[in-house]
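If you're matching positions, the sequence shown starts at 239 in the numbering used here and goes up one per residue.
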Amino acid sequence: MLTKQAPTEIQRNNADLWNNATKTRTGDTYIHLLFMGFILFRRIEFSVIR
């Protein structure tokens with residue numbers, strides 16, 4: 239979903255989104271990142287083992 243914007247503008251939008259997420263609900267974002275990392279780790283581990 240990338241439009242033809244300047245990279246600086248995209249980075250600024252991402253920074254704004256990240257700041258809003260961390261300001262409003264830091265705990266939820268942190269738990270969500272941990273959960274996604276755990277799922278990715280398990281998926282990679284299973285693909286490596288088998």
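Backbone N, C-alpha and C define an ideal beta-carbon position, used for all residues, glycine too.
Note that the structure is a prediction, hence the values are computed from the model and not measured.
I282 and L272 have their C-alpha atoms spaced approximately 15 angstroms apart. Linking R280 to Y268 through their CA atoms gives a straight-line distance of about 18 angstroms. Taken atom to atom, the span from the alpha-carbon of M274 to that of D266 is near 12 angstroms.
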